[in-house]
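First the structure, in the form of structure tokens, and then the observations on it.
Protein chains in written order, with the working numbering: chain H, 21 to 512; chain P, 5 to 215.
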């Protein structure tokens with residue numbers, strides 16, 4: 021029925037298929053990258069690993085005791101050598117996360133030392149059963165694209181918290197997993213368990229469903245655990261997220277640009293190590309970047325600067341064509357409240373607009389000290405809204421609908437139009453946000469957002485059944501956990 | 005008695021290192037008792053800083069500027085006083101435990117303690133039980149403070165406490181702990197004397213334990 025309007029020919033027509041946010045121009049990105057190169061060539065980084073020092077020396081760095089200075093050409097080589105795209109599968113081997121360009125995927129965060137129990141409201145130490153719950157919630161929520169452990173499990177052998185959390189996730193979700201480990205032994209356990217699920221190490225390497233995760237200690241300091249994990253991941257050809265925790269005013273200067281320089285420099289140290297071990301090994305740069313609150317000295321997870329800096333770092337990563345691990349959906353609030361909602365929403369929106377590939381910490385409360393599955397459930401809703409915004413506005417003859425406007429005419433309505441039928445489902449529809457009229461809301465119990473979030477979270481935990489893995493896979497995973505327990509017992 | 009003390013205190017509060025130095029020098033030149041310079045000029049200024057920080061009127065970098073100014077004044081006065089006469093709230097040995105390289109929090113505590121008048125012996129990062137033991141033997145502090153950021157390294161705190169027990173020194177020193185994963189429950193569990201959630205309250209804790 022559309023009578024064509026576009027009889028004319030268009031020239032130089034540009035489209036914003038999505039909204040646009042670019043925190044830094046290419047020139048600014050180049051400036052920050054050059055700053056990081058200068059820092060690494062002039063100031064250098066402190067490396068606390070013999071193996072890493074050896075690798076850097078062989079690779080052409082200047083090694084002076086623990087201090088390594090990096091020639092710029094070596095770093096530039098490493099940036100080019102690392103893949104610009106990494107594809108992560110789910111645990112069934114289906115290619116799921118395309119970490120390339122400005123594709124955006126959200127997920128929760130790791131290693132909180134407390135968790136808020138979604139049934140009792142108690143803030144307490146995380147247990148293995150909490151990671152089981154977390155994995156179920158992750159599995160059920162459509163906008164959560166990958167799993168992280170949502171808290172350091174403390175009711176198991178302390179040095180195997182990582183291994184037990186990984187088992188809990190494998191048993192309760194089939195989504196991809198980003199996971200940390202205390203050291204190389206645990207990393208080996210984790211890779212072995214993942215290989216069982218994938219059908220062998222080679223299958224896992226070809227089609228990884230895990231990303232390993234390592235944190236260095238800025239400014240410019242890399243512990244043996246941190247850098248050795250980057251080396252281990254490269255040796256085993258498993259992609260790694262290497263993420264310094266950079267906070268302005270504390271471990272970086274108080275200015276945003278300098279904080280970006282430190283974060284980029286620390287990421288590059290991990291990148292070079294990995295590329296020297298295996299050219300082309302998968303590397304995702306990070307990660308957590310914000311300000312230190314100058315009253316309480318917390319690293320703020322709700323600061324406006326978290327979004328500002330994360331979007332800046334994402335721009336530099338994009339400039340370097342390295343996939344980016346960013347942060348959002350988190351808060352400094354201690355309870356499920358308004359502060360939580362607004363901080364989570366802001367950071368999810370800005371991180372989404374920035375085009376970061378992996379956006380983590382959609383579960384982090386209390387400046388990262390506490391995890392909350394209720395926050396994750398609420399974030400799922402916020403991400404839904406943000407994804408709708410990221411769809412942008414389509415402008416073409418069908419969407420301009422000038423014929424429909426002409427047909428309905430002045431004073432008419434569009435409710436019964438075919439065109440409306442064809443398109444109204446593009447509106448984002450909510451599941452937790454309440455848009456009932458007053459009487460309807462009252463009839464449903466006058467519930468607050470917090471109450472609805474709690475009910476949904478509890479319902480998932482009680483009723484969601486993740487697709488189970490075959491018994492023999494579960495048995496082999498258990499055998500690896502038992503092997504790890506025996507090893508740690510021997511160390512005592 | 006001199007007129008310098010009020011201005012000296014003000015200069016500490018505003019963190020003006022050079023001004024503190026020149027006023028201290030002038031007070032010394034005027035023949036003031038060095039202990040009075042500390043007790044009536046430097047420390048009152050720092051007390052105001054501590055109170056303002058606690059009430060949220062001053063921020064960490066400002067406190068550290070004040071602490072730096074205070075230290076500059078102390079360095080000028082100290083050589084003029086016998087060591088035992090230098091006012092000190094007490095001695096604290098502080099370090100980050102074995103296997104842990106994170107030290108910004110520990111250093112912050114150290115600076116807060118110094119600005120509250122404590123003598124701080126900083127044993128650095130990756131400090132094993134032996135290192136703490138050696139420092140306790142050498143310096144005989146009233147308090148040792150241990151810091152950890154990681155859930156694995158925090159377990160090393162207990163080892164230091166055990167070693168102090170074996171050496172018969174546990175009763176001679178108070179043990180306090182802190183760091184992101186640390187809680188009062190954990191302090192109780194490993195037999196520490198106290199836990200402070202942040203740098204400001206670490207100084208209060210020492211004051212309480214040494215009272």
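We put the beta carbon where it would ideally sit given N, CA and C, even for glycine.
- In this chain, the alpha helix (DSSP H) harbouring residue 482 (chain H) covers 469-483.
- Taking the Cα of residue 34 (chain H) as reference, the smallest distance to any Cα among H:415, H:331, H:90 is reached at H:415.
- Residue 81 (chain H) carries a coil assignment under DSSP once its states are collapsed to helix, strand and coil.
- A distance below 8 angstroms separates the beta carbons of residue 289 (chain H) and residue 65 (chain H).
- Put simply, the backbone Cα of residue 339 (chain H) is about 39 angstroms away from that of residue 62 (chain P).
- Rounded to whole angstroms, the Cβ separation of residue 206 (chain H) and residue 182 (chain H) is 5 angstroms, and the two are in contact under 8 angstroms.
- From the beta-carbon of residue 85 (chain H), no residue of chain P is found nearer than 9 angstroms; the closest lies around 15 angstroms away.
- For residue 89 (chain H), the uninterrupted beta strand (DSSP E) run begins and ends at 87-89, by DSSP.
- The residue among P:86, P:70, P:123 with its C-alpha nearest the C-alpha of residue 95 (chain P) is P:123.
- As DSSP reads the structure, residue 115 (chain H) sits in a beta bridge with H:109.
- According to DSSP, residue 265 (chain H) shares a beta bridge with H:308.
- Judged by DSSP in its simplified three-state form, residue 321 (chain H) adopts coil rather than helix or strand.
- When DSSP assignments are scanned along the segment 5-33 of chain P, the uninterrupted stretches of alpha helix (DSSP H) that are 4 or more residues long and fall wholly within it turn out to be 8-17, 21-33.
- Of all residues in the segment 51-69 of chain P, those with a C-beta nearer than 7 angstroms to a C-beta of chain H are 60, 63, 64, 65, reading in chain order.
- Cβ-Cβ separation between residue 52 (chain P) and residue 13 (chain P): approximately 7 angstroms, consistent with a contact (criterion under 8 angstroms).
- Contacts between residue 440 (chain H) and chain P, judged by CB atoms closer than 7 angstroms, are missing: the closest CB pair is about 54 angstroms apart.
- When 7 angstroms is used as the limit between beta carbons, residue 185 (chain P) is near these residues of chain H: 133, in chain order.
- In this structure, DSSP gives residue 379 (chain H) an extended state, which the three-state scheme calls strand.
- If you draw a straight line from the Cα of residue 252 (chain H) to the Cα of residue 67 (chain H), it comes to about 16 angstroms.
- Taking 8 angstroms as the cut-off, the beta carbon of residue 265 (chain H) is found no closer than this to the beta carbon of residue 232 (chain H).
- Remark: fewer than three beta-carbon pairs, one from each stretch, lie closer than 8 angstroms, so the segment 130-143 of chain P and the segment 264-278 of chain H are not flagged as touching.
- Partner residues in a beta bridge of residue 506 (chain H), as assigned by DSSP, do not exist.
- Interface annotation for the segment 300-316 of chain H against chain P: 314, 315, 316, criterion Cβ-Cβ distance under 7 angstroms.
- By the beta-carbon neighbour count (other beta carbons within 10 angstroms, threshold 16), residue 200 (chain H) is buried.
- Using a CB distance cut-off of 8 angstroms, residue 241 (chain H) counts as an interface residue toward chain P.
- Shortest Cα-Cα distance from residue 375 (chain H) to any of H:341, H:467, H:350, H:393 involves H:341.
- Nearest to residue 258 (chain H) by C-alpha distance, out of H:243, H:418, H:223, H:241, is H:223.
- Taking the C-beta atoms as reference points, residue 346 (chain H) is found nearer than 8 angstroms to residue 378 (chain H).
- The beta carbons of residue 399 (chain H) and residue 382 (chain H) sit closer together than 8 angstroms.
- Closest option to residue 30 (chain P), judged by alpha-carbon separation, among P:166, P:198, P:77, P:18: P:77.
- If you draw a straight line from the Cα of residue 281 (chain H) to the Cα of residue 52 (chain H), it is about 6 angstroms long.
- Contact annotation, residue 178 (chain P) with residue 192 (chain P): C-beta distance approximately 14 angstroms; criterion of less than 8 angstroms not satisfied.
- At a cut-off of 8 angstroms, the C-beta of residue 108 (chain P) has a neighbouring C-beta in chain H.
- Looking at the DSSP output, residue 178 (chain P) bridges to P:147.
- Under the criterion of beta carbons closer than 8 angstroms, residue 85 (chain P) and residue 38 (chain P) qualify as touching, at roughly 5 angstroms.
- The count of Cβ pairs closer than 8 angstroms, one atom from the segment 325-336 of chain H and one from the segment 110-121 of chain H, stays below three, leaving the stretches out of contact.
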